[in-house]
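Asker: Residue numbers (the working numbering): 32 to 199.
Pasting the structure below:
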């Protein structure tokens with residue numbers, strides 16, 4: 032089964048992104064993540080994020096196992112070009128093209144049909160235990176706590192005590 036993820040309008044030139052993309056094509060997913068962590072290029076960060084997104088798509092949407100996935104395709108297409116001008120000599124203006132990229136990653140299974148085991152029974156038991164603990168906690172707590180009566184201190188000799196600069 033094929034799983035895809037896309038990243039559009041990445042503000043890095045496609046030629047620079049393809050340098051990193053060539054390294055990753057055909058690699059198993061775990062090895063590709065490891066490889067990306069050591070590549071010192073600006074495009075390695077967004078590519079790693081895209082790869083994680085594709086992996087989570089596979090695990091959550093299709094129930095596939097991460098260890099069974101590899102990168103089948105990694106396509107880097109040209110995106111829109113933002114045009115800017117830069118002042119040049121003798122009053123002229125030179126054009127600057129700020130290039131962007133569109134990335135598409137396709138993951139596929141090494142062994143088709145290998146699905147993740149669903150821990151439904153264990154999850155239900157855990158939920159039941161949590162509910163039982165909550166019920167026990169509620170039974171242990173008293174409904175209302177009794178407050179101790181507040182005892183007021185009597186004044187010494189009928190004079191209220193307050194700060195005096197000079198002693199008497």
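Cβ coordinates follow ideal geometry from the N, Cα and C atoms, glycine included.
Check this for me: beta carbons of residue 86 and residue 60, under 9 Å apart or not?
Answerer: Yes.
Asker: Give me, in chain order, the residues of the same chain whose beta-carbon lies closer than 6 Å to that of residue 37; leave out the 5 immediate sequence neighbours on both sides.
Answerer: The answer, listed in chain order, is 135.
Asker: Identify whether residue 193 lies in helix, strand or coil by the three-state DSSP scheme.
Answerer: Three-state DSSP puts residue 193 in coil, outside helix and strand.
Asker: State the DSSP-derived secondary structure class of residue 200, mapped to helix, strand or coil.
Answerer: Because the chain spans 32 through 199 in this model, residue 200 falls outside it and cannot be assessed.
Asker: What would DSSP say about residue 181, mapped onto helix, strand or coil?
Answerer: Note: residue 181 maps to coil in three-state DSSP.
Asker: Where does residue 72 sit, in a helix, a strand or coil, going by DSSP?
Answerer: In the structure shown, residue 72 sits in coil (DSSP, three-state: anything other than H, G, I, E or B).
Asker: Closest by CA to residue 56, which one among 126, 109, 71, 101?
Answerer: If we check each option's Cα against that of residue 56, 101 comes out closest.
Asker: Straight-line CA distance for residue 112 to residue 162?
Answerer: Going from the Cα of residue 112 to the Cα of residue 162 covers about 57 Å.
Asker: DSSP beta-bridge partners for residue 123?
Answerer: Looking at the DSSP assignment, residue 123 forms no beta bridge with any residue, so it has no partner.
Asker: Output the distance between the C-alpha atoms of residue 78 and residue 67, rounded to the nearest integer angstrom.
Answerer: Roughly 8 Å separates the two Cα atoms.
Asker: Is there at least one Cβ from chain C nearer than 9 Å to residue 145's Cβ?
Answerer: No chain C is present in this structure, which holds just one protein chain.
Asker: Just verifying my parser: in three-state terms, what is the DSSP assignment at residue 45?
Answerer: In the structure shown, residue 45 sits in a helix (DSSP, three-state: H, G or I).
Asker: Spell out the partners DSSP gives residue 132 in its beta bridges.
Answerer: The partner list for residue 132 (beta bridge, DSSP) reads 41, 109.
Asker: For residue 115 versus residue 129, is the C-beta distance shorter than 9 Å?
Answerer: In contact: residue 115 and residue 129 (Cβ atoms closer than 9 Å).
Asker: How about residue 94 and residue 147: do their beta carbons lie closer than 9 Å?
Answerer: Going by C-beta atoms, residue 94 is nearer than 9 Å to residue 147.
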